[in-house]
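Single-structure report; data block below.
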Amino acid sequence: MSKLLKGGLVHKYANTVKTFTMPFSVFKKATDLTANPPAADSTNLTIVTGTYGTNAATIQSADGKAATTSPKTRFQFAVPPTYQAGGAISVIVNAGMLTTVADTSCTLKVDCYRPAAPTTNIGPIAQSINSLTAADKTFALTTTSVVPGDILDIDLVAAITDGATGTVVKAKINKVQIQLIA
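Residue numbers for the sequence shown, in the working numbering: 1372 to 1553.
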């Protein structure tokens, strides 16, 4: 049921939080949106498909032990027509480390650009994911100029700094969501 507010028809679900889960099939090589992520290396995160029915697919870095690397992956998100211009938009990433934490640090950074303003990063935010317990990390974008129909071009960057030469050190992303008010 809709109701009338201040002279206009307002849908009963206006001002509700909407969450969009990104399937891993939308993630691409950060430097080429036409290419699927290659094997993980020092510049690229990759999709690890797991064993169907046994292990879920994840996005992972290459082994970052005894190194400093910043592999990344990229995807685009179309802001829905029901989005309220300038309203909050967050990127929520469930992430952590695969088997061993980095001895120095591992952060996940969200960079986000809009084709309407291609030189303005509206998401340069980094948070630690240097834990064996994966957790949701929420990255609030600066949305003052975002409007319905905009394309958000989003990079996820895992910055790993490790000085040890022991066990494998890999960043792991389990789920990526976009949350907004629409």
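From the three backbone atoms N, C-alpha and C, an ideal C-beta is built for every residue, glycine too.
Just so it is clear, the structure is predicted and the values come from calculations on it, not from any experiment.
What's the call for D1434, buried or exposed, on a 16-neighbour Cβ count within 10 Å? What you label residue 1434 is simply residue 63 of the sequence shown in a count that begins at 1. Burial call: buried.
How would you label A1487, buried or exposed, when you count the other beta carbons within 10 angstroms and need 16 or more for buried? Within the sequence shown, residue 1487 is the residue found at index 116, counting from 1. Classification of A1487: exposed, given that the 10 Å Cβ count is below 16.
Just to confirm the assignment: which complete alpha helix (DSSP H) runs, minimum length 4, are found wholly within the region 1401–1428? The alpha helix (DSSP H) runs lying completely inside the region 1401–1428 and spanning 4 residues or more number zero.
Whose C-alpha, out of I1500, K1508, I1430, I1460, is nearest the C-alpha of I1552? Walking along the sequence shown from the start, residue 1552 turns up at place 181. Comparing C-alpha distances from I1552 to each of I1500, K1508, I1430, I1460 shows the shortest one belongs to I1460.
Quick one: does the C-beta of A1511 sit closer than 7 angstroms to a heavy atom of the ligand MN? Annotation note on the ligand MN: not contained in the displayed structure, which lists no ligands.
Assess, as a yes-or-no matter, whether the region 1443–1450 is touched by the region 1520–1540 under the definition of 3 or more beta carbon pairs within less than 8 angstroms. Yes: the two stretches touch, three or more of their Cβ pairs being nearer than 8 angstroms.
How many angstroms separate the CA atom of V1419 from the CA atom of I1430? As a position in the sequence shown, residue 1419 is number 48, starting the count at 1. As a position in the sequence shown, residue 1430 is number 59, starting the count at 1. Note on geometry: alpha-carbon atoms of V1419 and I1430 lie some 6 angstroms from one another.
Cβ-based burial, K1377 [other Cβ within 10 Å; buried from 16]: Counting from one through the sequence shown, the residue named residue 1377 turns up at place 6. Unreliable positioning characterises K1377 in this predicted model, as indicated by a pLDDT of 47, which lies under 50. The coordinate reading is nonetheless provided below. Label assigned to K1377: exposed.
With a 10 Å radius around its C-beta and 16 neighbouring C-beta atoms as the bar for buried, classify G1457 as buried or exposed. Along the sequence shown, read from residue 1 onward, the residue named residue 1457 stands at position 86. So G1457 ends up on the exposed side.
Cα separation between L1416 and T1490? Against the sequence shown, residue 1416 aligns to sequence position 45. Against the sequence shown, residue 1490 aligns to sequence position 119. Computed Cα separation, rounded: 24 angstroms.
Unbroken beta strand (DSSP E) runs of length 3 or more, entirely within the region 1464–1500: which are they? Annotation note: the region 1464–1500 contains the following uninterrupted beta strand (DSSP E) runs of length 3 or greater, listed N- to C-terminal: 1476–1484, 1496–1499.
Given a threshold of 16 other Cβ atoms within 10 Å of its Cβ, counted over all protein chains shown, does S1432 qualify as buried or as exposed? If you number the sequence shown from 1, residue 1432 lands on position 61. Here S1432 is buried, its C-beta having at least 16 other C-beta atoms within 10 Å.
Please name the residue in G1424, T1475, R1445, F1510 whose C-alpha comes closest to that of P1394. Taking the first residue of the sequence shown as position 1, residue 1394 is located at position 23. Ranking G1424, T1475, R1445, F1510 by CA distance to the CA of P1394 puts R1445 first.
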